[in-house]
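Following: one structure in structure tokens, then a few remarks.
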Amino acid sequence: MPVNLPAFGTATGVSFNFLDELKTQSIGNFISAFTFCPTYFISSCSIFFNRSGGKGKTESILLGVFLCTLIFFGASLKTYIPRFVLGMIPCFIGISMCYSAFIRIYSEASKYDLLVVYFTAFVSMYFNLVVGLIFGIFLCLLEFAFRYNKITKTGNVSSDLELSNFRNNKFSKSIARIKVDFMLVFATVEKFDKLTHNASTYSVLVLDLMECSCIDWSGSDLLVGFVNGIDSNCKVYIIGKPHNYELYNVQKRFNKEIEHITENIVSV
């Protein structure tokens, strides 16, 4: 609230009273605890709620009950809190925003992704938000177009892998191979779903990503969800590492035990 309310007032030109907003949002938080529908402008307690271990409905309702005390005591308690302590709240929020926006992101995004974010921000500053978003989408489409026909190779494994290579004493049951020869991104989610809808009927599954040039965050979520949802009795092999595969920590997010058969084939 100390950060967002002034920003909201400056952007809209609407004046506000901080104590009135505090009371209004306290009532909204209290009501939303029972309706399970967020009604507040800003939830100032979500991070503390999550870090203290609250994840269920009971904790959410209890949080709403305790928040209702702000309706009656919030304004009066504020007068007893030293001003420098109140000033530490927006300072902490600002430092946290800078950390997540400029420091943490370097380990979670590629250089091209960072350039897209920076260019989009600059264009939005000099023109407007709509122009900036259109420009950012255009840059992302350029990346997809560039990588569309770029085939990634891992070691000496051929993209024309024969299933007979897996038919030995260890894997003698039903085997299926799913070949993903397209970018696994937000625009191909439905295509991947159709390709994998019968995967659970096999005992051994080979997921061939040799011709999948790249994945985005939604594609990584889809891939991880697919593999984690397969029956534990089904052996899954993933071949190939598309662009951004390691960036999004795909392999580490699988909930199954990982065994490296060779440097080219990953057993999940």
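Counting along the sequence shown from 1, when you hit position 67 you're at 67 in full-length UniProt numbering, and nothing is skipped either side.
The C-beta atom is built at its ideal place from N, Cα and C for all residues, glycine as well.
Beta-carbon gap between residue i and residue j smaller than 8 Å
i      : j      : result
GLY240 : CYS214 : no
LEU207 : CYS234 : no
VAL185 : PHE144 : yes
VAL224 : VAL189 : no
LYS191 : PHE182 : yes
TYR202 : ILE175 : yes
Three-state secondary structure (DSSP) of residue i
i      : result
ILE175 : strand
PHE119 : helix
ILE81  : coil
CYS68  : coil
GLY13  : coil
VAL180 : coil
PHE92  : helix
SER26  : helix
PHE127 : coil
SER100 : helix
Sequence-distant residues of the same chain with beta carbon closer than 6 Å to residue i, five excluded per side
i      : result
LEU139 : VAL116
GLY219 : LEU184 and VAL185
ARG104 : none
Same chain only: Cβ atoms within 7 Å of residue i, ignoring 5 sequence neighbours per side
i      : result
TRP217 : TYR248
Contacts around residue i, its chain only, beta-carbon distance under 8 Å, and the 5 residues preceding and following it disregarded
i      : result
THR120 : GLY132, LEU133, PHE135, GLY136 and LEU139
LEU114 : ILE105 and TYR106
- Item | Secondary structure, beta strand (DSSP E): runs of 3+ residues fully inside the region 182 to 261 | 204 to 208 and 235 to 239
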